[in-house]
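**Student:** Questions regarding the structure given below will be posed in turn.
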Amino acid sequence: MAEETLLTDDFLRQLINVGEVDILVGLPTHNNAKTIEPVIRTIQAGILKCFPRERVVIINADGGSVDGTPERVTSASIDDVWNASKVYALRTLHSVSTQYAPSPEPGAALRTILAAADLLRAKACVVVSPDSTTIEPDWLQRLVRPVYNDNFDMVSPIYRRQKFDGALMRNLLYPMTRAIYGRRILEPYASEFAISGRLATDFLANEIWNNDWSRTGAEICLTITAMAGKYRGCQAFLGTKAQPNRGARDLLAAMRQTVGVLFSSLDNNFPIWSAIAGSEPVPTIGAQSEVVLEPARVDRKRLKEMFATGVAELEPIFRSILSPSTLSELQRIASLDVNDFNYPADVWAKTVFEFAASHHKSVISRDHIVQALVPLFRGRALTFLLENRERSGEDIEKSVESLCGEFERLKPYLLEVWADRK
Amino acid sequence: MPLERQSGWYKDAIIYQIHVRTFNDSNGDGIGDFQGLAQRLDYVQELGVSAIWLMPFFPSPLRDDGYDISDYRSIHPNYGTLEDFKIFLESAHDRGIRVIVELVANHTSDQHPWFLESRSSQDNPKRGWYVWADTDTKYRGTRIIFIDTEMSNWAWDPISKSYYWHRFFSHQPDLNYDNPAVREEMWNVMKFWLELGVDGFRLDAVPYLIERDGTSCENLPETHEVIRELRKKVDEQFPGAMLLAEANQWPADLRPYFGNGDEFHMAFHFPLMPRMFMGLRLEDRKPITEIMQQTPEIPASCQWCLFLRNHDELTLEMVTDIERDYMYDIYARDKTMRLNLGIRRRLAPLLDNDRRRIELMNGMLMSLPGTPIIYYGDEIGMGDNIYLGDRNGVRTPMQWSGGWNGGFSIADPERLYSPPILNPVYGYQAVNVLSQKRTEHSLLSWMKHLIQIRRSSAVFGSGSIEFLHPANHRILVYVRQLGKETFLIVNNLSSAAQAVELDLRRYKGNILIEMFGKNVFPRVGDLPYLLTMGPYQFYWFRLRRI
Amino acid sequence: MREIIVAELTQASQELARGFAHYLPRMIVMLIIAFVGWVLAYLFKVLVRSILRLTRFSKLSENSGATQLLKQAALPSSTELLSRFIFWVAWVGFILLGVSVLGIVGLQEYVSRFFLFLPRLFVSLVILFLGLLAASFFSRAVLLAAVNANLRSSRLLSISIRVINSIFSLSMVFEVLGVAEQTMLIAFGIAFGAVMFGLAIAFGIGGKDLAREFLERRLVTGKREEKEDELSPL
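Protein chains in written order, with my numbering: chain A, 1 to 422; chain B, 1001 to 1546; chain C, 2001 to 2234.
Here's what the structure looks like:
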């Protein structure tokens, strides 16, 4: 069993003292001392405001912080020994910290949190990012209530985004997961989300933990499991997200964690997704989405150049991944001027599907396939940028919607290439 | 023969609260009386308690169950005569049981001759004995206590055409303690009873004696002045007599009523009681330890009075709004169970008649610092009748046996002052003294055992308390210590079995002796002392160094 | 004289006949061995071919770039080539085995040398194959990394890696085969040096911007933000 080796004796002892809980708040950290305290205070405020009677515990899974993060977490406990916060709480609110490894390991934090949730029989388990400085007490309620009161299994967030934030999310992850699994979840890879105890237990028993690939992107794996397993999902609007995602700056790492995992998930779930056509919306609490129109300073020329170079230099690789027609289309796009640049939605969708199929067949190393997609994504991001430069938030949503439409329309094409290639 | 009045007797006492009317009817008129009470003293003695607190038994129109007194110097004819009282007092003393009388000093009935005189005209000599005003605008900042029935603290008197002040029901005008004549008269009343031999007074509604404009009219310095004056006279003329304050206040506000040991001997710890119920349902010791931390030190000669339930509603005045909502939702889902800011129910129904929870709560009552009070009937697990008005639901006849009227009276059942409890769970045929006496494991037998253990050591009454804070918040642990005697009390507030590790290194080398079975537990060493506790289980350990 | 000639002839023919009679069974044995060897080698070939097909060897060879190489040289597929190669090695082995039965003195030595050489041949083939595979993998990895790091001459870099890798594995192959060791060592040294020199120059010229960027990033932290991509992907 997973828990046996997962939880240290000391952590286990702490969990015994915590006992059964209704809600478990998970905080994966690594050197977050700067922001952790306000985040915990806000979480506590949220608990005291909306769940004063529930048994709640805050579990911090730490990846070997050296700046005193765990100490800050444990000192935030509200109990009868020392209540530094001077806030009034009906019951004890434990704040427990454990170090799962001396250095951060992808997925291990989530796994520790889920194991604790399973062990403490939490009805709802909510994960909050320790660097969410814009967190408000209400976030907790919006994430937890659907699970705790309305029997949903997963609540994914919707953030108030900047105009060009989350290009990968809007251009690939959302349209692809939506087309594949038929559920319209805007943020399939989120740093804040809530799941039911049932999903936590099921996901913990999942074999993804034995697979390096999926462990890296355990969060998106969780969303996919929820979507593919017909768990009840919904979305909740939270608010502004200051730092949209960890490691967001490193596009390659982000793509490995998300696109790689998404592609891999297609292998096992084929019987499920091949039967799905179209998509259906999931219940959403609060705003459907919100966009802040802030000009983004992006070097368009550079993006274009990186795309063109990629298409030219990686041609031999593309030849084993893409169909000749798609490749020649790409070459045509690469020759366009920055101002006329356009990587159309249908070509993009075909590109992604052909990559997914090649990934499935492992025509070359799977990691190389994901890497090869990076320059092409840059091209798509540039088009997204150019298309929406003058547009309002609503129009951007429309363009994302039409991209999703392309993905859904071309899904039969994916099935075709999936079976076709050797 | 009066019991010798040794000072400090109240510190180790266990008090049994009785209403004469509800206890035993000797003459078959359907109402309990002093002769009947005297007949049942053997039972009270067997129970093991050391004092009886009698609720008001004075002549009264009985519009507030005797808390509206119309004559301070005699007995209500329903309950017998002064002679009956004297006989009862003597036989109680013969059995080593002290008697505490309830004195409602703040107000009288509007039928009291003093008030009748006072209202008769604006220049009557007794006019100044009550608080009169031409308008109802004075003392604006004063809260209304019976919010369910009263709109204002002022009531219009059509006879003398002015307003009189009342903190409780409008038929209970407040006495004016600014008037020296009132203070003198009240002392004479107390002297009357002390000379008869009573051992102490419970003074009702103490914080409200004096009124001043621009204040809340509660806990005023002038009120303390009045109390100090009374206390001085008591100490001079009747040393050993005890004064117990009924003041529903936060611990910090209560502290002044002890003065420097020159005001009350005892005061009720009101905020603790709801928090014990809360801690039990939350399965969390936090509410209890928190309120105990907020409880100030009191002079050595003083003592807190602890109780689980009494004749009033389980008052929720001394809790926050969140806590009150929680208590209502948990303990009084049915709105008829609620009254004013409280829950009008008895102990057993509050705890779902769960024997384990009843035992745990009584165990905590007996082991926390203070003098415990047992409300009559709770020792056998009597139920209540929430369909009777006001607080009468918890004032039904004592259930002595499964026979006629539960052994309370030989009168026709219809004639009883209140219908007895009849339902199959709590009715007198199921819950009564006679049947519980017969079995060794009945609640009554268990209570006797508990009281006996509590009385076996002075630690519980006078010892210090120190809370331990094991990481398992479902376990409430404290150490009581007096001289060389040390007791370790461990309570599991959870409905599930729990493991707890106690840091007892300070007591290294001691062995633990469990007080109920007198069994020996392993010696304390350097390692955390591991205990496993069943649901709602509790241990009282005596620490012994052998 | 005549008698002598006749006698000699008779003797010679007798010896020849004797010798022939002596060799004939060996010859027959040799032929049998050769025939059986052919059959076995053929079976071996079929077996190897099916094993290779089962293990999807073609994909592996495609990955290593060997397939492309063969196509360019108008040779059959790698699976076919390898199984044919196995067939010939096996048959030749059997023929040589048969020849050695003949007991021809000089031949014996060559035959044993051939058999001693066989394992080396296999090892060198494996090395060549793995080397090609590695060369292809690493060159692709470098190409992707370079493209994603937006380096200028990524294609060149990747080809150099492939060349170095290939040369390295070829030199190892020759080393194992023991063919022209000295020549190969020198040739490898020259080729490797040339590639390195070329790379150094390429880096020097092409990488000076990169180096400056790197130094700036290290030393002037304030400037860093502008250089980053401002689109956050997630």
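Heads up, the beta-carbon is just placed ideally off N, CA and C, and yes, glycines get one too.
Using the beta-carbon of each residue, which ones in chain C are nearer than 8 Å to ALA357 of chain A?
**Tutor:** Locating residue 357 of chain A in the first sequence gives position 357, counting from the first residue. Going along chain C, no residue has its Cβ under 8 Å from ALA357 of chain A, so there is no contact; the nearest lies around 15 Å.
**Student:** State the Cα-Cα distance for the pair ASN245 of chain A and LEU2151 of chain C, rounded to the nearest angstrom.
**Tutor:** On the first sequence, residue 245 of chain A is found 245 positions in, with the first residue counted as 1. On the third sequence, residue 2151 of chain C is found 151 positions in, with the first residue counted as 1. The pLDDT assigned to ASN245 of chain A is 45, lower than 50, so where the model puts this residue is not dependable, and the model offers no usable value.
**Student:** The beta strand (DSSP E) spanning HIS94 of chain A covers which residue range?
**Tutor:** Counted from its first residue, the first sequence places residue 94 of chain A at position 94. From DSSP, the beta strand (DSSP E) with HIS94 of chain A extends over 94-99.
**Student:** Is the stretch 1437-1449 of chain B in contact with the stretch 1476-1494 of chain B, if contact means three or more CB pairs nearer than 8 Å?
**Tutor:** no
**Student:** Buried or exposed, going by whether 16 or more other CB atoms sit within 10 Å of the CB of GLU94 of chain A?
**Tutor:** Residue mapping note: residue 94 of chain A aligns to position 94 of the first sequence, counting from 1. Residue identity differs from the one stated: residue 94 of chain A is His in this sequence, not Glu. By the 10 Å Cβ count, HIS94 of chain A comes out buried.
**Student:** From MET1 of chain A to SER325 of chain A, what distance separates their C-alpha atoms?
**Tutor:** Start at 1 with the first residue of the first sequence, and residue 1 of chain A comes out as number 1. Start at 1 with the first residue of the first sequence, and residue 325 of chain A comes out as number 325. Residue placement at MET1 of chain A is flagged as unreliable, the pLDDT there being 41, under the threshold of 50; a coordinate-derived value is accordingly withheld.
**Student:** Check this for me: beta carbons of GLY182 of chain A and ARG121 of chain A, under 8 Å apart or not?
**Tutor:** Position 182 of the first sequence, counted from the first residue, corresponds to residue 182 of chain A. Position 121 of the first sequence, counted from the first residue, corresponds to residue 121 of chain A. No, the Cβ-Cβ distance between GLY182 of chain A and ARG121 of chain A is not below 8 Å.
**Student:** Applying a beta-carbon distance threshold of less than 7 Å, which residues of chain C neighbour GLN371 of chain A?
**Tutor:** The residue labelled residue 371 of chain A in the question sits at position 371 within the first sequence. Neighbours of GLN371 of chain A on chain C, chain order: LEU2144, ASN2148.
**Student:** Is there a Cβ from chain A that is less than 8 Å from the Cβ of ARG2155 of chain C?
**Tutor:** Residue 2155 of chain C sits at position 155 when you count from the first residue of the third sequence. Yes, contact with chain A.
**Student:** Starting from the beta carbon of ILE317 of chain A, find every residue of chain C whose beta carbon is closer than 8 Å, and list them in chain order.
**Tutor:** The count along the first sequence starts at 1 and reaches residue 317 of chain A at position 317. Near ILE317 of chain A (Cβ distances below 8 Å), the residues of chain C are ARG2140, LEU2143, LEU2144.
**Student:** My parser needs the beta strand (DSSP E) runs of 3 or more residues fully inside the stretch 1298-1385 of chain B; what are they?
**Tutor:** Within the stretch 1298-1385 of chain B, the complete beta strand (DSSP E) segments of 3 residues or longer fall at 1303-1307, 1371-1375, listed in chain order.
**Student:** Do the CB positions of LEU90 of chain A and LEU1314 of chain B come within less than 8 Å of each other?
**Tutor:** Counting from 1 along the first sequence, the entry for residue 90 of chain A is found at position 90. Counting from 1 along the second sequence, the entry for residue 1314 of chain B is found at position 314. No, Cβ-Cβ distance for LEU90 of chain A and LEU1314 of chain B is not below 8 Å.
**Student:** Apart from the five residues just before and just after PHE2057 of chain C, which ones in its own chain have a Cβ nearer than 6 Å to its Cβ?
**Tutor:** Within the third sequence, numbered from 1, the residue matching residue 2057 of chain C stands at position 57. Same-chain partners within the cutoff: THR2079.
**Student:** Counting only the same chain and skipping the five closest in sequence on each side, list residues whose C-beta sits under 6 Å from that of LEU1365 of chain B.
**Tutor:** Looking up residue 1365 of chain B in the second sequence gives position 365. Around LEU1365 of chain B: LEU1306, LEU1308, PRO1372.
**Student:** Is the shortest distance between the beta-carbon of MET306 of chain A and the beta-carbons of chain C less than 8 Å?
**Tutor:** Within the first sequence, residue 306 of chain A is the residue found at index 306, counting from 1. For MET306 of chain A, the answer is yes, since a Cβ of chain C falls inside 8 Å of its Cβ.
**Student:** From the DSSP output, in three-state form, read off THR223 of chain A for me.
**Tutor:** Counting from 1 along the first sequence, the entry for residue 223 of chain A is found at position 223. Here THR223 of chain A sits in helix by DSSP.
**Student:** Could you tell me whether any Cβ in chain B is nearer than 8 Å to the Cβ of TYR148 of chain A?
**Tutor:** Along the first sequence, one-based indexing puts residue 148 of chain A at 148. Chain B, which has no Cβ nearer than 8 Å to the Cβ of TYR148 of chain A, makes this no.
**Student:** Just grab the DSSP bridge partners of PRO157 of chain A for me.
**Tutor:** Residue mapping note: residue 157 of chain A aligns to position 157 of the first sequence, counting from 1. Partner(s): A:ALA236.
**Student:** So, helix, strand or coil for GLU280 of chain A, using DSSP?
**Tutor:** For the purposes of this step, residue 280 of chain A is taken as the residue at position 280 of the first sequence. Three-state DSSP puts GLU280 of chain A in a strand.
**Student:** How many angstroms separate the CA atom of TYR2110 of chain C from the CA atom of VAL2195 of chain C?
**Tutor:** Taking the third sequence and counting its residues from 1, one reaches residue 2110 of chain C at position 110. Taking the third sequence and counting its residues from 1, one reaches residue 2195 of chain C at position 195. Using only the alpha carbons, I get a separation of about 40 Å.
**Student:** Is THR92 of chain A close to chain B? Criterion is C-beta to C-beta, closer than 8 Å.
**Tutor:** Here residue 92 of chain A corresponds to residue number 92 of the first sequence, with the count starting at 1. Output row for THR92 of chain A: interface = yes.
**Student:** Suppose the cutoff is 8 Å on Cβ atoms and the five residues either side in sequence are ignored; what does the same chain contact list for ALA248 of chain A look like?
**Tutor:** Counting from one through the first sequence, the residue named residue 248 of chain A turns up at place 248. With a pLDDT of 46 at ALA248 of chain A, under the threshold of 50, the modelled position of that residue is not reliable, and no figure is offered here.
**Student:** Answer yes if the stretch 2135-2142 of chain C comes into contact with the stretch 349-362 of chain A, meaning at least three C-beta pairs across the two stretches below 8 Å, and no otherwise.
**Tutor:** In short, these stretches do not touch, since the Cβ pair count stays below three.
**Student:** Compare the C-alpha of ARG161 of chain A against each of A:ALA345, A:VAL347, A:PHE237 and name the closest.
**Tutor:** As a first step, residue 161 of chain A is located in the first sequence; it is residue number 161 there, counting from the start. When each option's Cα is compared against that of ARG161 of chain A, the closest is A:PHE237.
**Student:** Go through the stretch 1030-1073 of chain B residue by residue and report every complete run of the alpha helix (DSSP H) that reaches 4 residues or more, in order.
**Tutor:** 1034-1039, 1041-1047
**Student:** Given CYS1113 of chain B, which residues of its chain have a CB within under 8 Å of its CB, disregarding the five upstream and five downstream residues?
**Tutor:** If you number the second sequence from 1, residue 1113 of chain B lands on position 113. Here residue 1113 of chain B turns out to be Pro, not Cys, going by the sequence shown. SER1070, ASP1071.
**Student:** Just checking my contact of CYS119 of chain A with PRO28 of chain A at CB under 8 Å: how many whole Å lie between their CB atoms?
**Tutor:** Looking up residue 119 of chain A in the first sequence gives position 119. Looking up residue 28 of chain A in the first sequence gives position 28. Residue identity check: residue 119 of chain A is Leu in the sequence provided, not Cys. About 17 Å separates the two Cβ atoms, so there is no contact after all.
**Student:** Using only alpha-carbon positions, find the residue among A:LEU143, A:SER97, A:ASP62, A:SER132 that is nearest to ILE23 of chain A.
**Tutor:** Position 23 of the first sequence, counted from the start, is the residue given in the question as residue 23 of chain A. Of A:LEU143, A:SER97, A:ASP62, A:SER132, the residue nearest in Cα terms is A:LEU143.
**Student:** Looking at the secondary structure, which residues open and close the beta strand (DSSP E) in which TYR1529 of chain B lies?
**Tutor:** Locating residue 1529 of chain B in the second sequence gives position 529, counting from the first residue. TYR1529 of chain B -> beta strand (DSSP E) spans 1529-1533.
**Student:** At a CB-CB cut-off below 8 Å, which residues of chain A make contact with PHE2137 of chain C?
**Tutor:** Sequence index remark: in the third sequence, residue 2137 of chain C carries index 137 (1-based). Residues of chain A passing the Cβ test: SER365.
**Student:** Nearest CA to the CA of GLU1229 of chain B: which residue from B:ILE1358, B:GLN1249, B:LEU1543, B:GLY1259?
**Tutor:** For the purposes of this step, residue 1229 of chain B is taken as residue 229 along the second sequence, with counting starting at 1. Out of B:ILE1358, B:GLN1249, B:LEU1543, B:GLY1259, B:GLY1259 has the C-alpha closest to the C-alpha of GLU1229 of chain B.
**Student:** Within a Cβ cutoff of 8 Å, which residues of the same chain sit near ILE1075 of chain B, ignoring the five residues on either side of it in sequence?
**Tutor:** Locating residue 1075 of chain B in the second sequence gives position 75, counting from the first residue. PHE1034, PHE1057, PHE1058, PRO1059, THR1081, LEU1082, ASP1084, PHE1085, listed in sequence order.
**Student:** Let's test the definition: count the other Cβ atoms within 10 Å of the Cβ of ILE2004 of chain C and tell me whether it reaches 16, buried, or not, exposed.
**Tutor:** Mapped onto the third sequence, residue 2004 of chain C falls at position 4. By the neighbour-count criterion, in which 16 or more other beta carbons inside 10 Å mark a residue as buried, ILE2004 of chain C falls on the exposed side.
**Student:** On the premise that SER2077 of chain C lies in contact with ARG2049 of chain C, defined as a C-beta separation below 8 Å, what is that separation, rounded to the nearest angstrom?
**Tutor:** Here residue 2049 of chain C corresponds to residue number 49 of the third sequence, with the count starting at 1. Here residue 2077 of chain C corresponds to residue number 77 of the third sequence, with the count starting at 1. Actually they are not in contact, since the Cβ atoms of ARG2049 of chain C and SER2077 of chain C sit about 10 Å apart, beyond 8 Å.
**Student:** Use the C-beta contact count for TRP139 of chain A: other C-beta atoms within 10 angstroms, 16 or more gives buried, fewer gives exposed.
**Tutor:** The residue you call residue 139 of chain A lines up with position 139 of the first sequence. TRP139 of chain A comes out buried.
**Student:** Mapping the DSSP letters down to three states, classify SER111 of chain A as helix, strand or coil.
**Tutor:** Walking along the first sequence from the start, residue 111 of chain A turns up at place 111. Position check: residue 111 of chain A holds Arg in this sequence, whereas Ser was assumed. ARG111 of chain A: helix per DSSP, three-state reduction.
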